[in-house]
Amino acid sequence: MKGRDLDMARMLLGFSLSLCLAVGLWLPQVAAAVVDPVFSVTTSTNSLLQNQSFQVDIKGDSLDDVFAYELNLYYDESRLQLDTTQKFTDLNGFALPIKIVRDGGTHAQLVYTKTGSLTGLNGSVKLGSLTFHAITPGTAELALKMVKMSTSSLKDEKTMTPDIKAAVVVVSSESSTSGGSPVTTAPIEPTVVSVKPEQLQTSGVDQISISLPVDVQQINFPPNTAELLGDKKLEIQSENIKLKIPAKLFTQLINLVSEQERSESKITLTIKPHNEPTIGDGVLNRAKNELGASVKLGSAVYDIKLYVTTKAGQTLSLTSFEQPIQIRFKLDPAVNPKLSSVYYISDLGGLERVGGTYANGELTSDVSHFSTYTVLEVSKSFADVPQTHWAANVIRELASKLVISGTSESTFEPESKVTRAQFTALIARALKLKTASVSTSFQDVKPTDWFASEVAAAVQAGIVNGREIDKFDPNAQVSREEMTTILMRSYRLLHGITDSTAAPSFSDEAAIGEWALADVKAAAALGLVQGRSEGQFEPQGVATRAEAAQVLYRLLSK
Numbered sequence: 001m002k003g004r005d006l007d008m009a010r011m012l013l014g015f016s017l018s019l020c021l022a023v024g025l026w027l028p029q030v031a032a033a034v035v036d037p038v039f040s041v042t043t044s045t046n047s048l049l050q051n052q053s054f055q056v057d058i059k060g061d062s063l064d065d066v067f068a069y070e071l072n073l074y075y076d077e078s079r080l081q082l083d084t085t086q087k088f089t090d091l092n093g094f095a096l097p098i099k100i101v102r103d104g105g106t107h108a109q110l111v112y113t114k115t116g117s118l119t120g121l122n123g124s125v126k127l128g129s130l131t132f133h134a135i136t137p138g139t140a141e142l143a144l145k146m147v148k149m150s151t152s153s154l155k156d157e158k159t160m161t162p163d164i165k166a167a168v169v170v171v172s173s174e175s176s177t178s179g180g181s182p183v184t185t186a187p188i189e190p191t192v193v194s195v196k197p198e199q200l201q202t203s204g205v206d207q208i209s210i211s212l213p214v215d216v217q218q219i220n221f222p223p224n225t226a227e228l229l230g231d232k233k234l235e236i237q238s239e240n241i242k243l244k245i246p247a248k249l250f251t252q253l254i255n256l257v258s259e260q261e262r263s264e265s266k267i268t269l270t271i272k273p274h275n276e277p278t279i280g281d282g283v284l285n286r287a288k289n290e291l292g293a294s295v296k297l298g299s300a301v302y303d304i305k306l307y308v309t310t311k312a313g314q315t316l317s318l319t320s321f322e323q324p325i326q327i328r329f330k331l332d333p334a335v336n337p338k339l340s341s342v343y344y345i346s347d348l349g350g351l352e353r354v355g356g357t358y359a360n361g362e363l364t365s366d367v368s369h370f371s372t373y374t375v376l377e378v379s380k381s382f383a384d385v386p387q388t389h390w391a392a393n394v395i396r397e398l399a400s401k402l403v404i405s406g407t408s409e410s411t412f413e414p415e416s417k418v419t420r421a422q423f424t425a426l427i428a429r430a431l432k433l434k435t436a437s438v439s440t441s442f443q444d445v446k447p448t449d450w451f452a453s454e455v456a457a458a459v460q461a462g463i464v465n466g467r468e469i470d471k472f473d474p475n476a477q478v479s480r481e482e483m484t485t486i487l488m489r490s491y492r493l494l495h496g497i498t499d500s501t502a503a504p505s506f507s508d509e510a511a512i513g514e515w516a517l518a519d520v521k522a523a524a525a526l527g528l529v530q531g532r533s534e535g536q537f538e539p540q541g542v543a544t545r546a547e548a549a550q551v552l553y554r555l556l557s558k
């Protein structure tokens, strides 16, 4: 590019045409347009079936020296899905990738500038073409509501609000557009799209977003994707699932190929939903057997793969990611988000809970490898924890997250006392602590004990200590002050050093061990623990299983 072209490209990123005025003195002065342009929006069809596609053309007439423009086409996102993988114009110059903006109503933002030429567009010009996919029946309206234009002088900027409308009628694939009689249509084959280098080169943003039509299951990327992204993340948006991939992951992937082969290799991402009832039923049956609970699917079952293919046809993939990928599922509104988690399904059919955070109808989690994933709602009830129990909801939620379990298939024993081994295991599971070895320096913790790995992990994390140098005392009941100290160490592991916050006073503070007093006061200030009776903490009191569940829930909710 010439210097003037590079300046124009920089100005367009983040597009505000007013920025162009700052460099207007660099360019020749041209008289401003005196005739307002006229716009039109046309569709390739007036009606179509669900899952079919159509094209929208935006045309400008009476153009006079239009050097740069921004078009904003509003559409009904509940009925239409925009394909952002294609360029919206073939005009000579520089065009930003199609951007979906949801502020003030969903609309496609199209930004273009000429380069090199001293004059802008004149007369009648097709300014943009978009491809939409029909996803739900009904009338879908499109409207061109705002246009910004600038002349080649970059001083004459104009904002127009034409409000030009068009509409298409989306008909259910099970009925025709005329008499309602059944229509036979060929099954829609999954579409493959290829991401172009220019779609990954937008400056001024920290993330590149690509929206996929509903039928796309495979996306091909150039081999230098990591270089094109720089330090940006790439977000792939589909109707029911979204992925946020760090650029370094593409570097890790392409490094699997020899340097000589990289330029002619191809990177591929596949996202294949398994909508067949037999697949879902199989997952549910395995989940019910493994988890011993009532289970529902909260999303489709997705098989996700990321791999690189050489020119010779060799396919290579990563077994684990150096940086995690964020995966977001659109949650089925029929399931309870508090009881729902992302699950990994191994090639042998085993289930592993990944977790997830719920917000705005989506469940988000980080994954360190690709395979088969879904969302499961797990609901576990216990005969001795009625809905009227003060900790019923807490116990139900933690059981759904596999943090706690019952003492039998049907009982929880909420008032039973908790041992040091039991509480340590609960904390280790809640924090997902891992250890490479189950060996410890404690003579009373054998590698074959059910709690050995959890105790080893918690000791290595600095969360628990033995009661003596070589004695852990796993079967001793955990006191409330011990539980609170372990809780605060866990909190600091998650959140760092706590702020000094005014803490409530307890009338029995003198009975709290000096080693535990600061932690008890800090935990009370944070709302992690409370006194058992008015004004008293009861530090030597023994924690119950219900109390342990409650403080764990508060810890995980911070």
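For the sequence shown, the positions run 1 to 558 when full-length UniProt numbering is used. Each residue gets a CB set at the ideal place from its N, CA and C atoms; glycine is no exception. Keep in mind it's a predicted model, so treat the numbers as computed, not measured.
Q) Roughly how many angstroms lie between the CA atoms of residue 316 and residue 252, to the nearest whole one? A) If you draw a straight line from the Cα of residue 316 to the Cα of residue 252, it is about 11 Å long.
**Q.** Exposed unless 16 or more other CB atoms sit within 10 angstroms - verdict on residue 568
**A.** Residue numbering for the chain in the displayed model covers 1 to 558; residue 568 lies beyond these limits and cannot be assessed.
Q: Measure from the alpha carbon of residue 42 to the alpha carbon of each residue in 86, 104 and 141, then state which is nearest.
A: 141
Q) Cα-Cα, which of 260, 283 and 209 is closest to residue 247? A) Cα-wise, what sits closest to residue 247 is 209.
Q) Going along the chain, which residues of its own chain have a beta-carbon closer than 7 Å to the beta-carbon of residue 320, five neighbours each way excluded? A) 368 and 369
Q) By DSSP, does residue 466 sit in helix, in strand, or in coil? A) Assignment of residue 466 by DSSP, reduced to helix, strand and coil, places it in the coil class.
Q. In terms of alpha-carbon separation, which member of 392, 138, 65 and 239 lies closest to residue 328?
A. 239
Q. Quick check: the region 464 to 472 against the region 438 to 451, are there 3 or more CB pairs under 8 Å?
A. Verdict: yes, contact present.
Q | Closest Cα partner of residue 379 within the set 71, 373, 392 and 371 | A | Closest in alpha carbon position to residue 379, among 71, 373, 392 and 371, is 392.
**Q.** residue 141 in three-state terms, based on DSSP
**A.** In the three-state DSSP reduction, residue 141 falls in the strand class (E or B).
Q.
Determine whether the beta carbon atoms of residue 228 and residue 201 lie at a separation below 7 Å.
A. yes
Q | Buried versus exposed, by CB contacts within 10 Å (16 or more), residue 153 | A | buried
Q. By how many angstroms is the C-alpha of residue 193 removed from the C-alpha of residue 127?
A. 23 Å
Q | Simplified DSSP state of residue 72, which is helix, strand or coil | A | For residue 72, the three-state secondary structure derived from DSSP is strand.
Q | Supposed close pair residue 226, residue 271 - CB separation, criterion 8 Å | A | Incorrect: roughly 20 Å between the Cβ atoms, too far for contact.
Q. If we ignore side chains and look at the alpha-carbon of each, how far apart do residue 50 and residue 213 end up?
A. Residue 213 has its alpha-carbon roughly 12 Å from the corresponding atom of residue 50.
Q) Leaving out the 5 sequence neighbours to the left and right, which residues in its chain are closer than 7 Å to residue 256 when beta-carbon positions are compared? A) 308 and 316
Q.
On the CB-based measure, 16 or more other CB atoms within 10 Å of its CB, does residue 543 come out buried or exposed?
A. buried
Q. Just curious, the beta strand (DSSP E) that residue 246 is in, first and last residue?
A. First-last of the beta strand (DSSP E) with residue 246: 241 to 246.
Q | Endpoints, the alpha helix (DSSP H) within which residue 528 is located | A | No alpha helix (DSSP H) holds residue 528; DSSP gives it neither H nor E.
Q: Please look up how many angstroms separate the CB atoms of residue 365 and residue 356, rounded, as I've assumed it's under 8 Å.
A: About 4 Å; that satisfies the 8 Å criterion.
(Q) Is the separation between the beta-carbon of residue 529 and that of residue 484 shorter than 7 Å? (A) Result yes, Cβ atoms of residue 529 and residue 484 sit closer than 7 Å.
Q.
If the criterion is Cβ atoms closer than 7 Å, does the pair residue 352 and residue 296 meet it?
A. no
(Q) I believe residue 539 touches residue 516 by the beta-carbon criterion, under 8 Å. Please report the beta-carbon distance rounded to the nearest angstrom. (A) 7 Å
Q: Have a look at 93, 508 and 110 and flag the residue whose alpha-carbon is nearest the alpha-carbon of residue 532.
A: 508
**Q.** Length of the line joining the Cα atoms of residue 513 and residue 447
**A.** A direct Cα-Cα distance of roughly 31 Å separates residue 513 from residue 447.
Q) Taking the alpha carbon of residue 135 as the point to measure from, which residue in 157, 47, 96 and 413 has its own alpha carbon closest? A) 47
Q. At which residue ranges does the region 212 to 294 contain complete beta strand (DSSP E) runs of 3 or more residues, listed in the order of the chain?
A. 216 to 221, 233 to 237, 241 to 246 and 266 to 274
Q: State the Cα-Cα distance for the pair residue 476 and residue 419, rounded to the nearest angstrom.
A: So the two alpha carbons sit approximately 5 Å from each other.
Q) residue 132 and residue 39 look like a contact to me (Cβ under 8 Å); what is the Cβ gap, rounded to whole Å? A) About 18 Å; that fails the 8 Å criterion.
Q: Run through the UniProt domain "SLH" (503 to 558) for me and flag every whole alpha helix (DSSP H) of 4 or more residues, listed as ranges in chain order.
A: 514 to 526 and 545 to 557
Q | Buried versus exposed, by CB contacts within 10 Å (16 or more), residue 156 | A | buried
Q. What runs of the alpha helix (DSSP H), each 4 residues or longer, lie entirely inside the region 367 to 421?
A. 392 to 400
Q) How far does the beta strand (DSSP E) with residue 310 in it reach, from first residue to last? A) Premise fails: residue 310 is in no beta strand (DSSP E) and is neither H nor E.
Q) Is residue 17 buried or exposed, if buried means 16 or more other CB atoms sit within 10 Å of its CB? A) Here residue 17 scores only 41 on pLDDT, less than 50, and its place in the model should not be relied on; the value that follows carries that caveat. Its Cβ being crowded by 16 or more others within 10 Å, residue 17 is buried.
Q: Take the Cβ of residue 360 as the centre, count every other Cβ of all protein chains shown within 10 Å, and call the residue buried at 16 or more, exposed below.
A: Its Cβ having fewer than 16 others within 10 Å, residue 360 is exposed.
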